[in-house]
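Numbering (the UniProt record's numbering), first residue to last: 1 to 641. Beta carbons are placed, not taken as given, at the ideal position from N, Cα and C, and that holds for glycine. Remember, predicted model here, so these are calculated numbers, not experimental data. Right, one structure below, let's go through it.
This is the structure we're talking about:
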């Protein structure tokens, strides 16, 4: 009960989750039930609940409510099913009353609606499924796939099971699962027209001879395929959709309970429908890059493929609009790398600037396999080819070993500053442990910050002396590997325009977080769309800024902060890429690009305790590498060849 208890209160076909804290009472639960279902009254509500080995426990007063809490704590449950009924309503025993199917589910109105629905309760999204199959001659224009989907939804909402007698691309026949046990007559047959490809219902016996059953909370026909078709539009709007969101969505909006595993499989299937297969996405890079170059002249896009194995190696992307606009931004670039979360992993390197209004200005990015010296040198050399040679650039980044070695070789005359935020975190780690209080640790960090911000060498030396005196040998060892010119304002040679951290690069990584799990071609295109929308929006903002500008203080302001510079930053546009040209480019490609052979991820393998002899371990199959083991798709570190 530390985190609270969830009561899943079920009334007719609806479920209302109610969270109960340790001090909760029965009256508050009853009031919430009445607020949700207006037809209920506090005095006439009947509640029953179930715990392991006890299916029908009464819940009539505060004492029984406290007993329920004690039982749930003893069983260590986090949620419990509560059956809600109304003593005023005449109950319908579904096991003994028999109805003809046409009477119960007729076109004129459903008997279930008459007996069980609440006029004030919210309609479920699945309520229309009971009428997706109606009559002989009904047409399904998307063929047999649409008919199968409709048949599954129909059986789910009507509460019966069926078996396929014949199921192929030209003909589908199904009968009720109770055909032999209860001699049920329900039967349906649909065929596909060879002329139009439409699917038509040819025979329909819409009668059941067994007792009526209301819709069930779970159904085996609510498969991953059906679920994926229902969440496709949601996933398009929210690419970061997770399995728990799907479980809650179906419980709240459809009234059905699905497992986390089924939701995860449905999510993976929906991603495949929208974004395509991760392996096939590499084959689309040929036409996409050619199209991007054709419709965005002046863009610098470089793709490297292993000529022997034909496998993807790395990709650099910088659009002409970004290259042109950077000439009117401050010559400060924030460099960083972030991991990709797709099937083939990888690292995304990025170079981000800031416009005259302190807004992010992405200049270039690259997809590589890891953050090492070779990849950083290649990325920086590509970057050097797109910036003006007469500009003195300033770089701000963390202290990645490969980056620190590659930057002086690619940009020997540029200035490199370390991110102050990362340095403060490193210093804070030096004082971790039980021997240092939190206030002392933060004092050391604050003194280091004062040294970094000191504007003159004299003030810097004064602050540094205090830091060394109070920090002792730990601070001295920390400073031994930090040249002053890489982090101190007083010793800096170039101009950093007050930028002390690489937060702009971190913000860029957060800005594209929904793209990082997509297949590579879709990821690149989604990032292009984000940039295109940004340029259009900020071009409008620049016009508004020009209209508001009427003062002459610009003579004392750096050019990069002028309205004119802001306008020129977004003077060019990023053009869309029409997918209609895809076939032409695919036909001209000499070979297909294969996905890279992913490397084993860095880090020490996880240690596990030695299990007792005979102790059983449930093996799971990884959704990424396909091997049986104790890891899943997110924790997989196996190489893919």
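Can you tell me whether DSSP reads residue i as helix, strand or coil?
i: residue 77; result: coil
i: residue 422; result: helix
i: residue 85; result: strand
i: residue 629; result: strand
i: residue 574; result: coil
i: residue 72; result: helix
i: residue 345; result: coil
i: residue 365; result: strand
i: residue 352; result: strand
i: residue 638; result: coil
i: residue 416; result: strand
i: residue 622; result: coil
i: residue 384; result: helix
i: residue 248; result: helix
i: residue 719; result: Residue 719 lies beyond the range of the chain shown here (1 to 641); nothing can be said about it.
i: residue 399; result: coil
i: residue 5; result: strand
i: residue 59; result: coil
i: residue 124; result: coil
i: residue 340; result: coil
i: residue 119; result: Its pLDDT being 37, under 50, residue 119 is placed unreliably by the model, and nothing is read from it.
i: residue 40; result: coil
i: residue 371; result: coil
i: residue 52; result: coil
i: residue 507; result: helix
What do you reckon, is the C-beta of residue i under 7 Å from a heavy atom of the ligand ZN?
i: residue 238; result: This structure simply doesn't include the ligand ZN, nor any ligand for that matter.
For a quick check, are the C-beta atoms of residue i and residue j less than 8 Å apart?
i: residue 317; j: residue 361; result: no
i: residue 370; j: residue 594; result: no
i: residue 177; j: residue 162; result: yes
i: residue 328; j: residue 568; result: yes
i: residue 640; j: residue 576; result: no
i: residue 84; j: residue 45; result: yes
i: residue 263; j: residue 247; result: yes
i: residue 396; j: residue 496; result: yes
i: residue 189; j: residue 173; result: yes
i: residue 199; j: residue 147; result: yes
i: residue 34; j: residue 40; result: yes
i: residue 342; j: residue 518; result: yes
i: residue 82; j: residue 5; result: no
i: residue 184; j: residue 209; result: yes
i: residue 486; j: residue 411; result: no
i: residue 489; j: residue 452; result: yes
i: residue 353; j: residue 332; result: yes
i: residue 505; j: residue 335; result: yes
I'd like to confirm the pairing. Which residues does DSSP put opposite residue i in its beta bridges?
i: residue 146; result: Residue 146 is not bridged to any residue.
i: residue 519; result: Partner(s): none; residue 519 has no beta bridge.
i: residue 10; result: 15, 83
i: residue 496; result: DSSP output for residue 496 lists no bridge partner at all.
i: residue 47; result: 84
i: residue 536; result: None; residue 536 has no bridge partner.
i: residue 394; result: 332, 415
i: residue 594; result: 311
i: residue 360; result: 354
i: residue 139; result: 200
What's the call for residue i, buried or exposed, on a 16-neighbour Cβ count within 10 Å?
i: residue 91; result: With a pLDDT of 35 at residue 91, under the threshold of 50, the modelled position of that residue is not reliable, and the figure given next carries that caveat. With fewer than 16 other Cβ atoms within 10 Å, it is exposed.
i: residue 613; result: Here residue 613 scores only 40 on pLDDT, less than 50, and its place in the model is too uncertain to base an answer on.
i: residue 254; result: buried
i: residue 256; result: buried
i: residue 633; result: exposed
i: residue 619; result: exposed
i: residue 398; result: buried
i: residue 435; result: exposed
i: residue 460; result: buried
i: residue 456; result: exposed
i: residue 273; result: exposed
i: residue 19; result: exposed
i: residue 472; result: exposed
i: residue 186; result: buried
i: residue 446; result: exposed
i: residue 607; result: Note on residue 607: pLDDT 46, under 50, position unreliable in the model; the coordinate value appears next. Exposed, by the Cβ-count rule.
- [ ] For the segment 262-338, list the beta strand (DSSP E) runs that are entirely contained and at least 3 residues long, ordered along the chain.
- [x] For the segment 262-338, whole beta strand (DSSP E) runs of length 3 or above, ordered along the chain, are 300-305, 312-318.
TODO: Counting only runs of 3+ residues fully inside the segment 160-245, write out the beta strand (DSSP E) ranges in chain order.
DONE: The segment 160-245 contains these whole beta strand (DSSP E) runs: 162-167, 171-176, 187-192, 199-205.
TODO: Give, in chain order, every unbroken run of the beta strand (DSSP E) that is at least 3 residues long and sits entirely within the segment 426-491.
DONE: none
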